[in-house]
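So the protein sequences, as listed, match chains A and B.
One rule links them: number in the numbering used here = place in the first sequence (from 1) + 172.
One rule links them: number in the numbering used here = place in the second sequence (from 1) + 22.
Cβ atoms here follow ideal geometry from the backbone N, Cα and C, with glycine treated the same way.
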Amino acid sequence: MASGQLITAYAYEVAPRQASSFSGGAIPISAPLQAALDRTFERSKIGSAPAVSFMVDTGSPTRAHPIRDAALAVSFATSPQESVVEQLAQRLADSMDNRSKPSLLMVSVHQSAQSHARRMLLWTFPQQEVFNLTVRGGHPQLELLEAFNRESSLRKAALVEGPNEQTGMLTARVLDFQSTATERAVADLWIVKFLHARLQMSDLEGTQLLARTLRQAHTKTRGDVDAQDQINAAITGLRVASGQRWSIDSVAATYLSGDAERAFLANVRPEERAAVFGLDHDRFDQLIQYTRFTLANGVIVSAPFVEIGNEEGGVTITEIDGKRILQAEGEIQEEQVRTRG
Amino acid sequence: MADITGLSEAFEARRPLLQVLAQTLEDKTREALQGVPHIDRISFRTKDTASFVKKASKAKYTDPFAQLEDQIAGRVITFFRDDIPVVRDRLTQWFGDVEHETKEPAGPEEFGYESDHFVFVIAEHWKPAGWESLQDMPGTFEFQLRTLFMHAWAEPQHDLGYKGSPDRDTKKELAWIAASAWGADRTLNDIARRLADS
Numbered sequence: 173m174a175s176g177q178l179i180t181a182y183a184y185e186v187a188p189r190q191a192s193s194f195s196g197g198a199i200p201i202s203a204p205l206q207a208a209l210d211r212t213f214e215r216s217k218i219g220s221a222p223a224v225s226f227m228v229d230t231g232s233p234t235r236a237h238p239i240r241d242a243a244l245a246v247s248f249a250t251s252p253q254e255s256v257v258e259q260l261a262q263r264l265a266d267s268m269d270n271r272s273k274p275s276l277l278m279v280s281v282h283q284s285a286q287s288h289a290r291r292m293l294l295w296t297f298p299q300q301e302v303f304n305l306t307v308r309g310g311h312p313q314l315e316l317l318e319a320f321n322r323e324s325s326l327r328k329a330a331l332v333e334g335p336n337e338q339t340g341m342l343t344a345r346v347l348d349f350q351s352t353a354t355e356r357a358v359a360d361l362w363i364v365k366f367l368h369a370r371l372q373m374s375d376l377e378g379t380q381l382l383a384r385t386l387r388q389a390h391t392k393t394r395g396d397v398d399a400q401d402q403i404n405a406a407i408t409g410l411r412v413a414s415g416q417r418w419s420i421d422s423v424a425a426t427y428l429s430g431d432a433e434r435a436f437l438a439n440v441r442p443e444e445r446a447a448v449f450g451l452d453h454d455r456f457d458q459l460i461q462y463t464r465f466t467l468a469n470g471v472i473v474s475a476p477f478v479e480i481g482n483e484e485g486g487v488t489i490t491e492i493d494g495k496r497i498l499q500a501e502g503e504i505q506e507e508q509v510r511t512r513g
Numbered sequence: 023m024a025d026i027t028g029l030s031e032a033f034e035a036r037r038p039l040l041q042v043l044a045q046t047l048e049d050k051t052r053e054a055l056q057g058v059p060h061i062d063r064i065s066f067r068t069k070d071t072a073s074f075v076k077k078a079s080k081a082k083y084t085d086p087f088a089q090l091e092d093q094i095a096g097r098v099i100t101f102f103r104d105d106i107p108v109v110r111d112r113l114t115q116w117f118g119d120v121e122h123e124t125k126e127p128a129g130p131e132e133f134g135y136e137s138d139h140f141v142f143v144i145a146e147h148w149k150p151a152g153w154e155s156l157q158d159m160p161g162t163f164e165f166q167l168r169t170l171f172m173h174a175w176a177e178p179q180h181d182l183g184y185k186g187s188p189d190r191d192t193k194k195e196l197a198w199i200a201a202s203a204w205g206a207d208r209t210l211n212d213i214a215r216r217l218a219d220s
């Protein structure tokens, strides 16, 4: 069983900003439900999804945290904990904005392969309109129904796993299928507002890793014009991209191929490649030292990773009569005449 | 009664992975504190097997491999007291803490142990290959942050190895050393501040 032996399951309908009682409750365990959850678990690949750490109360002796506390209570209870899951439903309702459709909140508790541990899966499936065609006595009837779509691109998930200990259930794996398409603000609703968590790779760590990896790839591919073009394009693209989260793998997939991609991925530990982070643009610019100068004569000088003002870099800027004058010197390694057509 | 041999063998089996992770965490701490001045040292250690078994054998630990959070521990020592909040902010921004306590004597007229204690989560992307193949690997590590003078008082305490409670004179002498270290720490910080402002 991919998701683990099912122990308990709950389902509630949750509307944005709903303040009153939620319809739903503990649902009977059955083989079809187990099979459905196993399929959903496998297809989503949540077991290897981005990892987050709960932002617990660091002064609390129990490491208090609303999601963690609920996960421990629900996972290790000997009787149904509907009131606890309803608190999660309330939290979800509070975190949804009025543009969101109602959602199905599903919480399931499973045995874990880790000793003394349990696993809690949290899913939200948004409501969507579906057509239902029935034919009775040769007469077709088409109805428009509201249903919760298991395959919706707007669904979200979290997997919390661990023992019932001080050290348990401090982290989660999260999926927000919506965030692959759009803005960080969307993903922040799930990770920050609802789960009250942070990505395990901080913006600073991720940005420094990315800058270092680009620099190493840039150095390694000196003389390879195509690879250098790809890396420069990646730097430009990353500098202007806003509101997105990245991983080393996603940068490689978006911008690089061939030798450039190989050089980029060569020096990154496999464990670090998939870790998701937000790009700290100011820090990225500082580390990349990417500056593009357009001179009065139309010449464009762009110099990533080259320290301006350092003779070793070959690019110096001086001020003469209030004007900044750029001097660039270096051995020509490649010359291309670009023509139209 | 705890199975000492079993604990020892199980800990020895995981120790190589803990050592690899300790090195990764030390590298990450150095990276996190790049550009921060007045860092005297950054160090990480993996608990030795004898110490682990001694602690794990206590009755309160029903699942020591999952419960003991100091299997890996790190420490940063700074020159001055004013550096502590700077380093603290940088570390919590980078690592994300689940526990933080500033340890200091209970009353204003007392002198003794001072240090910032943290517990941080071990992030998935720091774990070395093979980590998931072992059961009950730790999910957290401990971290201390203190000044040179705080460390100078705290560190020899382990070596002195009191048997029972020290006698009255020894207690007074230890308190005097703590007070002197506190005074020197504070004065050095004041000097550093004045020179920086001038």
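Using a Cβ cut-off of 9 angstroms, pull out every chain A residue sitting near residue 116 of chain B, in sequence order please.
374, 376 and 377
Kindly list, in the order they appear in chain A, the residues whose Cβ is closer than 7 angstroms to that of residue 93 of chain B. Those within 7 angstroms of residue 93 of chain B in chain A number zero; the least Cβ separation is about 11 angstroms.
Checklist line | Three-state secondary structure (DSSP) of residue 96 of chain B | finding: strand
Select from A:184, A:308 and A:336 the residue whose C-alpha is nearest the C-alpha of residue 286 of chain A.
-> A:336
- Message: Against chain A, which members of the segment 146-165 of chain B pass a CB distance test of less than 8 angstroms?
- Response: 146, 147, 148, 149, 150, 151, 157, 158, 160, 161 and 162
Hey, how far is the Cα of residue 339 of chain A from the Cα of residue 88 of chain B? 7 angstroms
Item to complete: Helix, strand or coil for residue 126 of chain B, going by three-state DSSP, please let me know.
Response: coil
Chain A beta carbons: is any one of them nearer than 8 angstroms to that of residue 122 of chain B? Using a CB distance cut-off of 8 angstroms, residue 122 of chain B counts as an interface residue toward chain A.
Handout entry: Between the CA atoms of residue 360 of chain A and residue 244 of chain A - distance to the nearest angstrom
Key = 24 angstroms
Checklist line | Closer than 8 angstroms to chain A by CB, residue 143 of chain B | finding: yes
ask   = For residue 213 of chain B, is the classification buried or exposed, using 16 other Cβ atoms within 10 angstroms of its Cβ as the cut-off for buried?
value = exposed
Going by DSSP, which residues form a beta bridge with residue 185 of chain A? Bridge partners of residue 185 of chain A according to DSSP: A:276.
*Note the first and the last residue of the continuous alpha helix (DSSP H) segment covering residue 292 of chain A.*
Taken as a continuous stretch (DSSP letters only), residue 292 of chain A belongs to no alpha helix (DSSP H), being part of the beta strand (DSSP E) at 289-308.
Quiz item: If you measure from the beta carbon of residue 230 of chain A to each beta carbon in chain B, is any gap under 8 angstroms?
Solution: yes
Under 8 angstroms by beta carbon: chain A residues contacting residue 131 of chain B:
The contacting residues do not exist; residue 131 of chain B stays about 25 angstroms from chain A at best.
| task | Return the residue from the list A:209, A:207 and A:184 that minimises the CA-CA distance to residue 197 of chain A. | result | The closest CA to that of residue 197 of chain A, considering only A:209, A:207 and A:184, is found on A:184.
Beta-carbon neighbours of residue 89 of chain B, restricted to chain A and to distances below 8 angstroms: 337, 338 and 339
Practice item. Verify the CB distance criterion: does residue 49 of chain B have a CB-CB separation below 8 angstroms to chain A? Key: no
Taking C-alpha atoms, which residue in A:325, A:313 and A:495 lies nearest to residue 298 of chain A?
A:325
Q. Where does residue 458 of chain A fall in DSSP's three states?
A. helix
Quiz prompt | According to DSSP, residues forming a beta bridge with residue 314 of chain A | solution = A:305
What residues in the segment 47-71 of chain B have a beta carbon less than 9 angstroms from any beta carbon of chain A? 50, 53, 54 and 56
Below 7 angstroms CB to CB, which residues in the same chain sit around residue 206 of chain A once its five sequence neighbours on both sides are set aside? 173 and 178
Exercise. Can you list, in chain order, the residues of its chain whose CB lies under 8 angstroms from that of residue 176 of chain A, leaving out five sequence neighbours each side?
Worked result: 282, 283, 284, 285 and 291
ask   = residue 495 of chain A: which of A:472, A:468 and A:346 sits nearest, CA to CA?
value = A:468
Open item on the list: How far does the alpha helix (DSSP H) with residue 327 of chain A in it extend, from its first residue to its last?
Closed with: Unbroken run through residue 327 of chain A: none, as it is neither H nor E.
**OP:** Using beta-carbon positions only, say whether residue 119 of chain B and residue 230 of chain A come within less than 8 angstroms of one another.
**Re:** By the CB criterion at 8 angstroms, residue 119 of chain B and residue 230 of chain A fall inside the cutoff.
Check your understanding: For residue 369 of chain A, which option in A:211, A:239, A:382 and A:465 has the closest C-alpha, if you only look at C-alpha atoms?
Key -> A:239
Cβ atoms of residue 52 of chain B and residue 159 of chain B: under 8 angstroms apart, would you say? No.
request  = Taking only heavy atoms of the ligand ATP into account, decide whether any of them is closer than 7 angstroms to the Cβ of residue 132 of chain B.
outcome  = With respect to the ligand ATP, the structure offers nothing, as it holds no ligand at all.
Quick test of your reading: residue 242 of chain A and residue 259 of chain A, contact by CB under 8 angstroms. State the CB separation rounded to the nearest angstrom.
With 8 angstroms as the limit, residue 242 of chain A and residue 259 of chain A qualify as a contact, their Cβ atoms being about 6 angstroms apart.
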